[in-house]
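Numbering (full-length UniProt numbering), first residue to last: 1 to 186. Backbone N, C-alpha and C define an ideal beta-carbon position, used for all residues, glycine too. Since we're looking at a predicted model, the values are computed, not measured. These notes are about the structure you will find just below.
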């Protein structure tokens, strides 16, 4: 049985909310490794959850959100290639590097359905897959990407690749009960 734990930033902390899944919807054109094309899935919870100071929905980006100056990834993954996962939710600031990745990777593995990002000294790593790539605009947080794959953790010359959420916005909306234009401003 798969469960989702919400509202936690420390695995040893006392506060969390755990929910069972009722369904996992994998994109019908997902190819799996090594190319990870259409690397996105939706998790449907068995029960509704309430919004509180620890749990709130994130905004879906609109179709005009294509370039990003400040990106943030969060995850429970390792901090290095040989490391193990962490007990504390980690956050790393990243820069978009799409033009570099178009030159580095071939079109079969990096295309317009992806975002490429990293930072000198910062990256996502093993165990972060599926985690959010976030940007802030108009006082709200937007999930613009999902951790998909990378070559070497933390190697600046090999940026990580994220699934671009806007490429799947219609699929997300049609397979969920989301209002595509809903966004909660602070």
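Test item: CB-CB of residue i and residue j under 8 Å
| i | j | result |
| --- | --- | --- |
| residue 8 | residue 77 | no |
| residue 55 | residue 89 | no |
| residue 49 | residue 21 | no |
| residue 173 | residue 145 | no |
| residue 100 | residue 116 | yes |
| residue 61 | residue 142 | yes |
| residue 36 | residue 148 | yes |
| residue 113 | residue 167 | yes |
| residue 158 | residue 150 | yes |
| residue 43 | residue 24 | yes |
| residue 80 | residue 118 | no |
| residue 45 | residue 4 | yes |
| residue 51 | residue 163 | no |
| residue 127 | residue 93 | no |
| residue 169 | residue 1 | no |
| residue 133 | residue 71 | yes |
Three-state secondary structure assigned by DSSP to residue i
| i | result |
| --- | --- |
| residue 168 | helix |
| residue 194 | Nothing can be reported for residue 194, as the shown portion of the chain is limited to 1 through 186. |
| residue 173 | helix |
| residue 100 | helix |
| residue 72 | strand |
| residue 215 | Because the chain spans 1 through 186 in this model, residue 215 falls outside it and cannot be assessed. |
| residue 9 | coil |
| residue 109 | coil |
| residue 17 | strand |
| residue 29 | coil |
| residue 2 | coil |
| residue 125 | coil |
| residue 147 | strand |
Opposing strand residues paired with residue i [DSSP bridges]
| i | result |
| --- | --- |
| residue 141 | 136 |
| residue 81 | DSSP lists no partner for residue 81. |
| residue 24 | 43 |
| residue 160 | 117 |
| residue 95 | 118 |
| residue 90 | 75 |
| residue 60 | Answer by DSSP bridge pairing: none, since residue 60 is not bridged. |
beta-carbon residue i near the ligand ATP non-hydrogen atom, thresh 7 Å
| i | result |
| --- | --- |
| residue 41 | Annotation note on the ligand ATP: not contained in the displayed structure, which lists no ligands. |
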